[in-house]
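According to my numbering, the sequence shown holds residues 53 to 752 in order. From the three backbone atoms N, C-alpha and C, an ideal C-beta is built for every residue, glycine too.
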Amino acid sequence: MTKVAEGNLLRLLRPGSVAVVGATPREEASGHVVLRNLLRHGFAGEVYAVNPRYDQVLDRPCYPSLADLPGPIDAAFLAVPAAAVPDLIDQAAAKGAAGVCVNAGGFADAGREGAALQDELSARAATHGMAVCGPNNMGLVNLWDGAVMWMSDLPELAPGPVAVVSQSGSVAIALSQDPRGLGIGYLVTVGNEAVCDVADYLDALAADERVGTVLLFLEALRRPRAFAAAARKAIAAGQRIVALKAGRSAVGRAAVAAHSGALAGEDEVHRAFFRDLGVIQARDLDELLEAAVLATAHLDPPEAHGVGIVTLSGGEAAMIADLAEGAGLDLPQPEGQAKESLRDLLPPITNLSNPLDIWGYGWDAKTFAKALAVLLDDERLGTILCFGDPPLSGGNDMEHVKEMAEVLAAVASGTDKRLALVNNLATVAPHPEIAAVLDAAGLPYLRGTAPALAAVRSWLGFADRREVRNAVPPTAIDPAMTEVEGFDRLRAAGVPTAMSQAAADPAEAKERAAALGYPVAVKGSVPGLSHKTEQGLVRLGLADGAAVEAAAEKIEAAMAALGREGSHLVVQAMAPRGVELYLGVRNDPDFGSLILAGPGGVFVEALDDVSSRMGPVDAAEARAMLAETGAEKLLAGFRGAPPADIEAAAEAIAALSRFGAAVAGVFASVEINPLIVLPKGAVGVDAAFEVHSNRPREGT
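Structure representation (structure tokens):
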């Protein structure tokens with residue numbers, strides 16, 4: 053929070069009195085709409101209209117200025133041009149206001165002059181410790197208390213446990229209709245975040261016990277550390293957070309920068325950051341809403357991550373299986389006694405698989421209940437999803453799905469499994485009779501096969517959160533160290549690396565090779581260059597001194613053509629063939645240390661198959677990272693190759709994560725590509741170190 057007095061943002065969110073500056077009889081004007089919303093939605097506190105041009109607006113007295121109001125105010129909505137805002141902040145403070153909403157554009161969103169005006173706004177607010185929502189936004193809504201300071205018409209909705217905080221006004225407008233009937237209590241658009249940002253709102257909402265789930269639409273996180281503290285506070289208070297972060301692609305990041313002037317940041321960083329915090333992640337608005345339905349109904353996911361799926365159609369079962377695999381869900385297949393029990397229950401034509409089509413020769417509620425009981429006894433399953441699409445016109449198909457819902461409702465209280473019914477079609481609203489059955493049992497009714505399955509996977513990820521990462525003490529290291537010195541430091545930190553020696557010329561390279569023992573590799577070490585192979589700087593499998601000298605001469609010529617000072621030869625013990633992995637650490641001054649791992653070698657960028665975590669990680673987390681990429685199949689022994697030492701690979705990842713965190717103050721990134729994993733052990737044969745540029749750290 054930017055110099056806002058404690059409690060002032062909460063007073064802005066829950067005001068006892070509001071002044072609308074710029075109130076007007078013109079129905080299309082924001083000053084009219086906000087005043088109308090406050091009156092229409094039953095705000096119980098004092099509402100003042102302020103505009104020197106009018107004596108009355110919407111049958112209420114209209115005062116010439118804030119100074120003329122008969123009493124103090126908690127909040128003001130400033131429906132005025134941008135240039136008038138700074139002085140009005142002073143006037144609002146004089147009337148005791150804790151905060152203001154500023155909807156006008158023309159600040160940091162409008163070039164250099166606008167940015168200077170925004171700086172003035174922030175400075176005036178800081179003088180008074182005042183909270184500011186905006187500028188350049190739609191306002192905020194508190195339906196619990198009728199405080200609808202919102203510059204667009206809002207339907208009369210019943211408030212509920214969901215709060216929405218959005219960096220996009222258009223997304224907020226779409227969500228304001230509450231299309232999934234979540235029960236939205238708060239709706240906040242943050243605008244340019246001149247004073248209060250997403251982290252501040254998340255922190256303030258954590259103090260409101262009426263809030264159970266917070267939905268975030270994010271373009272950029274301006275203060276990641278403050279966001280992390282607020283998220284942990286909210287989760288500790290029993291709230292759950294679902295976030296949709298835009299700007300994952302290069303085009304998306306450019307759109308964010310053009311729209312808000314903020315940097316979106318890299319997707320890997322945000323995914324790992326949110327995962328660590330326990331923020332449930334969505335990739336589109338449908339998934340955001342379905343995840344919110346799940347988080348609201350089932351506060352926490354089960355310990356078992358396996359998902360059991362029941363359908364009424366073989367074709368749908370095949371489609372759901374495809375989408376579940378794409379979503380990364382674990383669908384354990386029936387086995388042992390469970391499979392035998394299902395075989396006894398269902399017709400011979402039934403494919404005893406997961407998803408399970410129970411239609412057989414026709415619908416039978418008793419058979420469904422017995423099949424469900426078998427799934428409930430499977431310890432591998434923590435969540436059971438039942439799919440059905442009842443026509444709104446009613447009929448037998450509607451009755452089948454209603455009976456399915458009734459069976460789910462009957463068993464819900466007697467199991468620790470998480471149960472849900474799913475409409476395959478996202479465009480069809482849940483049948484009201486079926487929804488009533490599920491609502492009474494507290495069970496979610498999800499919409500859309502793909503968004504529902506993706507939401508389940510994201511929701512299950514809440515269990516991967518970590519309360520606090522173990523801090524790694526910083527270590528002194530020379531940013532100008534050579535590649536060989538870097539290998540030595542990595543080896544000392546527990547990261548296995550090939551024995552390497554620097555050489556001044558081809559003759560010395562020959563001597564170094566003889567000392568290391570043949571075969572060897574000769575490489576050119578060029579400061580700031582990661583891809584040696586493409587520049588002709590790598591020669592492998594050199595079996596004698598003559599080959600070493602010849603290779604070294606060619607590499608020297610290639611280095612000379614690049615013309616970079618500090619280039620030199622490196623002779624390295626030749627590593628056996630094995631599975632090649634990429635390991636990397638990226639140190640961000642704001643987010644922290646990120647560890648990445650996946651298949652490596654010369655095609656690492658083309659494959660783009662990496663898993664990420666905030667570091668440091670232990671070996672167990674490292675193994676989980678490998679399991680999320682194609683590396684796991686390669687390490688298991690692909691196409692006749694012997695299995696590789698996955699434990700050695702995991703230990704190397706963990707060691708690199710600790711080393712990377714320890715040198716975070718010096719190096720922006722540390723990469724090993726490849727780490728060659730052998731049947732026994734592993735060895736890193738190439739490493740790159742990138743020194744930090746002078747990027748400022750997050751302000752507090």
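According to DSSP, LEU121 shares a beta bridge with no other residue. Only residues of its own chain outside the window of five on either side were considered, and among them LYS147 and GLY148 have a CB closer than 6 Å to the CB of PRO124, listed in chain order. Between the alpha carbons of LEU646 and ALA259 lies a gap of roughly 31 Å. Judged by pairs of C-beta atoms under 8 Å, the region 105-112 does not touch the region 121-139, as fewer than three such pairs exist. For the pair GLY235 and ASN188, the CB atoms are not nearer than the 8 Å cut-off. Under the three-state reduction of DSSP, TRP415 is assigned to coil, being neither helix nor strand. Here LEU428 is near LYS469, since their CB atoms are less than 8 Å apart.
In this structure, ALA734 and ALA713 do not form a Cβ contact; the two beta carbons are roughly 20 Å apart against a cut-off of 8 Å. For VAL574, the enclosing beta strand (DSSP E) has its first and last residue at 572-577. The alpha carbon of ALA246 has as its nearest neighbour, out of GLY166, VAL200, ALA256 and SER222, the alpha carbon of GLY166. Between the region 451-471 and the region 426-442, the count of C-beta pairs closer than 8 Å reaches three or more; the two stretches touch. Closest in alpha carbon position to THR501, among GLU485, GLU537, LEU91 and ASP441, is ASP441. Nearest to ARG629 by alpha-carbon distance, out of GLY414, THR76, ALA160 and VAL737, is VAL737. The beta-bridge partner set that DSSP reports for GLU342 is empty.
Runs of the alpha helix (DSSP H) lying entirely within the region 587-624 and spanning at least 4 residues, in chain order: 597-614. For ALA289 against GLY538, the beta-carbon gap comes to about 45 Å, at or over 8 Å, which does not count as contact.
The continuous stretches of alpha helix (DSSP H) do not include SER582, and DSSP gives it neither H nor E. Counting other Cβ atoms within 10 Å of its Cβ, THR179 stays below 16 and is therefore classed as exposed. In the three-state DSSP reduction, LYS297 falls in the strand class (E or B).
Apart from the 5 residues on each side of it in sequence, ALA492 sits with its Cβ closer than 8 Å to the Cβ of ALA461 in its chain, given in chain order. A check of alpha carbon separations from SER365 across ALA379, LEU408 and LEU397 identifies LEU408 as the nearest.
If you ignore the 5 residues before and after PRO67, its C-beta comes within less than 6 Å of the C-beta of ASP126, ALA127 and ALA199, all in its own chain and listed in chain order.
If you keep only unbroken alpha helix (DSSP H) runs of at least 4 residues inside the region 432-514, you get 448-464, 484-493 and 501-512. Beta-carbon to beta-carbon, ALA344 and THR265 are separated by about 6 Å, close enough to satisfy the 8 Å threshold. Around the beta carbon of SER465, fewer than 16 other beta carbons sit within 10 angstroms, so the residue counts as exposed.
If you compare the alpha carbons of LEU730, PRO726 and ALA716 with that of VAL743, the shortest gap goes to ALA716. Between the alpha carbons of ALA256 and LEU62 lies a gap of roughly 6 Å. By the Cβ criterion, the region 612-625 is in contact with the region 547-562, since at least three pairs of Cβ atoms, one from each stretch, lie closer than 8 Å. For ASN60, the closest C-alpha among the options LEU394, GLY97, ARG88 and ASP252 is that of ASP252. Taking PHE420 as the centre and dropping the five residues before and after it, the same chain places the C-beta of ILE410, MET456 and VAL459 closer than 7 Å to its C-beta, in chain order. Of all alpha-carbon atoms in SER721, ALA280 and ILE486, the one lying nearest the alpha-carbon of PRO531 is that of SER721. Per DSSP, MET626 lies in no beta strand (DSSP E) segment and is marked neither H nor E. A check of alpha carbon separations from GLU320 across LYS685, ILE225, LEU727 and MET677 identifies MET677 as the nearest. A straight-line Cα-Cα distance of about 7 Å links ALA683 and LEU633. A residue is called buried when at least 16 other Cβ atoms come within 10 angstroms of its Cβ; GLU339 meets this threshold and is buried. Annotated three-state conformation of MET677 is helix, per DSSP.
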